[in-house]
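In our numbering, the protein residues as written are 343 to 754.
Glycine included, every Cβ here is placed at the ideal spot set by N, Cα and C.
Note that this is a predicted model, so its numbers are computed, not measured.
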Ligand code: ADP
Ligand code: ASP
Ligand code: MG
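Here it is in structure tokens:
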């Protein structure tokens with residue numbers, strides 16, 4: 343008898359009829375003899391509606407009332423878990439719902455963006471022993487100060503994988519509104535194809551680069567604790583194969599590129615006329631780091647007149663802070679000026695096979711230039727290349743690159 347953790351996202355529990363469908367699936371699996379822990383998200387749009395409600399009461403609730411916002415948002419998952427427990431019990435299967443706090447998902451105290459520190463899950467184990475299906479509210483936990491916290495948008499995936507790791511589950515099945523992880527967001531790139539098997543590292547890269555289908559921290563936990571994760575559709579009766587995210591295996595390496603992900607809301611800052619030498623760049627990066635601004639791309643070039651140009655990219659929500667710091671630095675270092683280019687999207691090409699394959703950069707630039715899309719910045723890691731393009735061209739850039747690398751074609 344295997345212990346399986348299942349997670350159902352907001353769309354999958356979006357209506358009473360869909361909750362009934364999920365209950366059918368859970369009852370079926372339970373009758374097949376599996377021990378089940380089921381993590382649920384809030385019903386579709388609930389979290390957005392609760393946020394909007396808070397904003398009608400008070401401006402910037404996230405900044406001004408993070409604790410109360412967490413109290414409010416956790417109600418969404420509580421509704422879904424109670425309704426699902428009722429539906430399962432109506433099928434003569436024993437079930438009980440637990441909040442994140444009852445399940446003892448212990449987090450730090452950072453409201454609206456807490457990180458899980460420990461999953462005690464004592465009550466979960468007890469209820470499993472009683473033969474019950476245990477339904478746990480996703481996206482929430484409790485701090486050591488006994489405050490209710492949330493894990494950040496999309497965090498129910500992380501609850502599920504963390505529980506699977508703590509309970510030693512055989513695997514964690516993430517049920518959502520697509521039948522797997524695709525080579526690009528299928529809503530934006532119609533020719534995207536399902537990826538049957540992907541390794542943790544590539545999936546972390548896709549998820550952190552904006553592939554919404556999985557919360558990045560869920561994948562990181564899966565990698566660390568060796569929990570195989572499957573992404574499946576809750577709308578199909580067969581599972582359709584889905585996508586298995588697992589450790590790298592032989593035979594997973596033959597493709598140069600695995601998939602694309604993108605995210606808008608990036609800004610490029612160009613600091614012109616800085617003094618040459620390592621000092622200036624280090625100073626800029628240190629001051630940004632001290633202010634908690636995370637920098638994505640860093641490029642520098644020396645001009646013929648002996649001055650240096652430094653280019654960095656940050657997320658738009660850090661722009662005000664980054665701009666202030668850079669302006670002050672230019673004054674301190676007697677640089678020339680700061681240029682700010684907002685409205686950029688970051689497109690990531692992910693694939694561990696790209697690393698030492700010649701011609702990948704050429705292929706990217708040829709494809710984008712042919713479509714008249716300019717690249718404003720570029721960075722590379724061992725398994726990815728990222729380009730910054732104008733946000734209005736994001737979707738087009740995705741489609742152009744998807745086509746150029748043959749991602750929509752049948753793989754051998
Ligand atoms: P849930 O509510 O079940 O957590 P999400 O909306 O968070 O679902 O994630 C599923 C969505 O992620 C899909 O509807 C799809 O549009 C989007 N998505 C983005 N990138 C990808 C990708 N590479 N593969 C599959 N889906 C993706
Ligand atoms: N309900 C939360 C959100 O919408 C968490 C989740 O669905 O994973 O972000
Ligand atoms: Mg999600």
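- Message: Alpha carbons only, please: which of 371, 677 and 606 is nearest the one belonging to residue 433?
- Response: 371
- Message: Can you determine whether any heavy atom of the ligand ADP sits closer than 7 Å to the C-beta of residue 368, and answer yes or no?
- Response: no
- Nearest-angstrom Cα distance between residue 581 and residue 566? 26 Å
- Item | C-alpha distance - residue 645 paired with residue 690, whole-angstrom precision | 29 Å
- Task: Could you check which residue in 437, 515 and 501 has the C-alpha nearest to that of residue 473?
- Result: 437
- What is the DSSP secondary structure of residue 358, counted as helix, strand or coil? helix
- Message: Let me confirm a value: residue 476 is counted as buried when at least 16 other C-beta atoms fall within 10 Å, else exposed. Which label applies?
- Response: buried
- Query: Less than 7 Å between the CB of residue 499 and some heavy atom of the ligand ASP, yes or no?
  - Reply: yes
- Message: If I measure Cβ to Cβ from residue 455 and keep anything under 6 Å in the same chain, skipping five residues before and after, which residues do I get?
- Response: 494
- Quick check: the region 517-527 against the region 596-610, are there 3 or more CB pairs under 8 Å? yes
- Short Cβ contact (8 Å threshold) for residue 613 with residue 668: yes
- So is the beta-carbon of residue 554 under 7 Å away from any non-hydrogen atom of the ligand MG? yes
- Message: Using a Cβ distance threshold of 8 Å, determine whether the region 478-495 contacts the region 531-551, with at least three qualifying pairs required.
- Response: no
- Grab me the residues of residue 520's own chain with a C-beta within less than 7 Å of its C-beta, minus the 5 sequence neighbours each way, in chain order. 528, 555 and 575
- Message: Please give the ranges of any alpha helix (DSSP H) in the region 442-515, keeping only runs that are unbroken, at least 4 residues long and fully inside the region.
- Response: 464-471 and 498-509
- Query: Using the C-alpha atoms, what's the distance from residue 467 back to residue 365?
  - Reply: 21 Å
- Message: I'd like the list of long-range same chain contacts for residue 735, defined as Cβ closer than 6 Å, with 5 residues on each side in sequence excluded.
- Response: 715
- Query: Going by other Cβ atoms of all chains shown within 10 Å of its Cβ, with 16 needed for buried, is residue 741 buried or exposed?
  - Reply: buried
- Kindly confirm or deny that the region 404-415 and the region 542-560 touch, where touching means at least three C-beta pairs closer than 8 Å. no
- Item | The alpha helix (DSSP H) enclosing residue 418, as first and last residue numbers | 408-431
- Are residue 500 and residue 563 touching if we call contact CB-CB under 8 Å? yes
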